[in-house]
Amino acid sequence: MAGLTAARRLAEAGRQVLVLEARDRVGGRIRTIREGDQILELGAEFIHGHPPELWDLIREAGLSTYPIDGTDYCHRDGKLRKCDEQSPIFKFLNQLEKWKGPDLAFADYPPLEKLSPEKREEVINYVQSFNAADYRQIGIHSLAVQQHAEDEIQGDEVFRIREGYDRLPQFLAWKAREAGARIELSRPVERIEWRRGRVEVYARDGGELLELTAGKVIIAVPLGVLHQFGVVFDPVPHALIAAHQLSMGPVRRFTLLFRDRWWAEHDDLKLSKLSFLFAHDAMPPVWWTAHPWETRTLTGWIGGPRSASFAQCTREQVGDIACQELARIFSLPIDYLRNQLVCCATQDWQTDPYAFGAYSYVPARGLDAVLELATPVENTLYFAGEHTDVTGHWGTVHAAIRSGERAAKQALIPTRAQLHQMTARPA
Ligand SMILES: Cc1cc2nc3c(=O)[nH]c(=O)nc-3n(C[C@H](O)[C@H](O)[C@H](O)COP(=O)(O)OP(=O)(O)OC[C@H]3O[C@@H](n4cnc5c(N)ncnc54)[C@H](O)[C@@H]3O)c2cc1C
Numbered sequence: 116m117a118g119l120t121a122a123r124r125l126a127e128a129g130r131q132v133l134v135l136e137a138r139d140r141v142g143g144r145i146r147t148i149r150e151g152d153q154i155l156e157l158g159a160e161f162i163h164g165h166p167p168e169l170w171d172l173i174r175e176a177g178l179s180t181y182p183i184d185g186t187d188y189c190h191r192d193g194k195l196r197k198c199d200e201q202s203p204i205f206k207f208l209n210q211l212e213k214w215k216g217p218d219l220a221f222a223d224y225p226p227l228e229k230l231s232p233e234k235r236e237e238v239i240n241y242v243q244s245f246n247a248a249d250y251r252q253i254g255i256h257s258l259a260v261q262q263h264a265e266d267e268i269q270g271d272e273v274f275r276i277r278e279g280y281d282r283l284p285q286f287l288a289w290k291a292r293e294a295g296a297r298i299e300l301s302r303p304v305e306r307i308e309w310r311r312g313r314v315e316v317y318a319r320d321g322g323e324l325l326e327l328t329a330g331k332v333i334i335a336v337p338l339g340v341l342h343q344f345g346v347v348f349d350p351v352p353h354a355l356i357a358a359h360q361l362s363m364g365p366v367r368r369f370t371l372l373f374r375d376r377w378w379a380e381h382d383d384l385k386l387s388k389l390s391f392l393f394a395h396d397a398m399p400p401v402w403w404t405a406h407p408w409e410t411r412t413l414t415g416w417i418g419g420p421r422s423a424s425f426a427q428c429t430r431e432q433v434g435d436i437a438c439q440e441l442a443r444i445f446s447l448p449i450d451y452l453r454n455q456l457v458c459c460a461t462q463d464w465q466t467d468p469y470a471f472g473a474y475s476y477v478p479a480r481g482l483d484a485v486l487e488l489a490t491p492v493e494n495t496l497y498f499a500g501e502h503t504d505v506t507g508h509w510g511t512v513h514a515a516i517r518s519g520e521r522a523a524k525q526a527l528i529p530t531r532a533q534l535h536q537m538t539a540r541p542a
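Our numbering puts the sequence shown at residues 116 to 542.
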């Protein structure tokens, strides 16, 4: 979304634009698959609040959305019941904005110590799950900035795109092409050699290595790819050192497609309004339906270090473990759920060579690194992507769009040499 946003803006401003995309599709960490009439998201799924740049694009693309609602259930001590208010967690996290102390890791946040062991665990689980973060690393200052940013866009109101999230990058790619940008798929970039005002990009085209030349380059690959040196820079820009001060968080999410909406239809359950399910003693600990849309899907989510427990699992193994957990939570026979299961859809973002993780977070004392990444390098290299957002919305689709807009604006500022050419008068 970051790269396509920038490409569209630059092409609309009359610049010559070439997008080199490693995958055979656009969308990156937005990936939707379809099974008959069912839509299964493997990456981004929710619109968090009312970020204007995202909603403008959704409207322009003519997509339809719906707000999530329904009843949240909690499974604790072997019992399933409606959840108590989640507000104590949010109240606690809202206090972060008042923190005047140094930027510590959340684990060292003094008020955390004052909570009961049970509440402390709940708060830590929430922070790790939502941010895909290790609570021993994520910084208090970035959490406060994020909390403030979410409040500004009513981030607690959550929506889905009915046609599937992938329609959004597809639309954006169409707009970029319409404006004159060229988008080449299956062209992983391996190396970038640069000096002020001139860049040589080496990209793979099957067995061949293409060499392309440009005056300016926007690098919109995920933070994980920068960390793993998926693209090699010569010379190494200082911004890349800043990138190593930020963290890429892991997530394991999977969507189970069933024959029926058994949670709504099974005589012993009748949970027709089931929305989120928090199973504190299960793995995964967070589940959701697509309520109020009556799909036959249940999604499981593990964010942060605990996702490692599913690291080596195949799709089939994930599906089977998930059925066992659901059988336990809902007190149903395992064979009933195994027979209900049509398929388990999941993508391992951690080992994906064009992502190497789910989304970024900012560790303690890392906020300056974000600013550095968002600063043009010699008016020649520009970094974009959710991890470079300077408005506190890291790890979201709207952060990626914002960063693409910002990088395009920066790249449109003429260099000194161009200014000289533009203002030079014939003698
Ligand atoms: C499981 C999961 C759930 C999520 N849920 C949500 C959600 O509900 N709501 C939300 O707002 N956000 C969510 N996110 C986060 C959101 O998906 C991302 O923040 C956003 O899509 C990132 O966009 P981007 O353009 O920065 O990066 P990407 O989408 O990753 O795009 C980067 C592009 O660079 C390409 N690339 C990588 N390496 C190379 C290379 N060497 N050469 C050329 N191209 C390369 C990639 O293929 C990719 O297309 C979720 C993410 C995950 C993984």
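Built from N, CA and C at the ideal position, the CB exists for glycine as well.
Subject >> Proximity to I255 [Cα-Cα], best of H508, G481, T530, G185 >> reply: G481
Original post:
DSSP puts C459 in a beta bridge; with which residues?
Top reply: L371
**OP:** Please specify which runs of the beta strand (DSSP E), each continuous and at least 3 residues long, are wholly inside the region 233-263, giving them in chain order.
**Re:** none
Subject >> Beta bridge counterpart(s) of M363 as assigned by DSSP >> reply: S475
**OP:** With DSSP collapsed to three states, give me the class of H165.
**Re:** coil
Subject >> Distance CB(H502)-CB(L488) smaller than 8 Å >> reply: yes
Subject >> Uninterrupted alpha helix (DSSP H) stretches inside the region 464-511 (no shorter than 4 residues) >> reply: 482-488
Original post:
Is it buried or exposed for A484, if we count other Cβ within 10 angstroms and need 16 for buried?
Top reply: buried
**OP:** Going by CA-CA distance only, name the one from S446, R430, S301 that's closest to G322.
**Re:** S301
**OP:** Grab me the residues of A128's own chain with a C-beta within less than 8 Å of its C-beta, minus the 5 sequence neighbours each way, in chain order.
**Re:** A523, L527
Original post:
Is Y224 helix, strand or coil by DSSP?
Top reply: coil
Original post:
Hey, R376 and V132 are a contact pair by Cβ (cut 8 Å); roughly how many whole angstroms apart?
Top reply: At roughly 45 Å, the Cβ-Cβ gap does not stay under 8 Å, so R376 and V132 are not in contact.
Original post:
Is it true that the region 144-160 meets the region 354-364, where meeting means three or more beta-carbon pairs spaced less than 8 Å apart?
Top reply: no
Original post:
Are at least three pairs of beta-carbons, each pair with one atom in the region 502-522 and one in the region 310-327, less than 8 Å apart?
Top reply: no
Original post:
Alpha carbon to alpha carbon, what distance is there between D435 and A460?
Top reply: 12 Å
Original post:
Going by the CB atoms, is the gap between Y241 and L268 shorter than 8 Å?
Top reply: Sequence inspection shows Ile at residue 268; the Leu mentioned does not correspond to that position. Result no, Cβ atoms of I268 and Y241 do not sit closer than 8 Å.
Subject >> Opposing strand residues paired with F445 [DSSP bridges] >> reply: The partner list for F445 (beta bridge, DSSP) is empty, contrary to what the question assumes.
Subject >> Rounded C-alpha distance that separates Q533 from A122 >> reply: 20 Å
Original post:
Is the Cβ of I334 closer than 8 Å to any Cβ of chain D?
Top reply: Structure shown: chain D not included; a single protein chain is present.
**OP:** Work out the CA separation of A117 and L324 for me, nearest whole Å.
**Re:** 25 Å
**OP:** Grab me the residues of R430's own chain with a C-beta within less than 7 Å of its C-beta, minus the 5 sequence neighbours each way, in chain order.
**Re:** C459, T461
Original post:
Does the Cβ of G408 have 16 or more other Cβ atoms within 10 Å, making it buried, or fewer, making it exposed?
Top reply: Note that residue 408 is Trp in the sequence shown, not Gly. That one is exposed.
**OP:** Would you check if there are 3 or more beta carbon pairs closer than 8 Å linking the region 374-388 to the region 169-180?
**Re:** no
Original post:
What do you reckon, is the C-beta of L178 under 7 Å from a heavy atom of ligand 1?
Top reply: no
Original post:
Measuring CB to CB, does G507 end up less than 8 Å from V260?
Top reply: yes
Subject >> Contained beta strand (DSSP E) runs [length at least 3] in the region 373-416, N- to C-terminal order >> reply: 389-394, 401-403
Original post:
Cβ of L135 versus every heavy atom of ligand 1: is any distance shorter than 7 Å?
Top reply: yes
**OP:** Check R313 in the structure and name its three-state DSSP category.
**Re:** strand
Original post:
Taking C-beta to C-beta, are S475 and L338 nearer than 8 Å?
Top reply: yes
**OP:** Kindly examine ligand 2 and report whether one of its heavy atoms sits closer than 7 Å to the Cβ of F161.
**Re:** Looking for ligand 2 in the displayed structure turns up nothing; the ligands present are ligand 1.
Original post:
By Cβ distance, which residues of its chain are closer than 6 Å to A542, with the 5 residues on each side in sequence left out?
Top reply: At A542 the pLDDT is 49, less than 50, meaning the model places this residue with poor confidence and gives no usable figure here.
**OP:** Could you tell me the distance, in whole angstroms, from the CA atom of G295 to the CA atom of S257?
**Re:** 38 Å
**OP:** Select from L208, L372, R251 the residue whose C-alpha is nearest the C-alpha of V477.
**Re:** R251
Original post:
Would you report the Cα separation of E136 and A126, rounded to the nearest angstrom?
Top reply: 17 Å
**OP:** Could you tell me how far apart the beta carbons of G185 and K388 are, in whole angstroms, since I believe they sit closer than 8 Å?
**Re:** 4 Å
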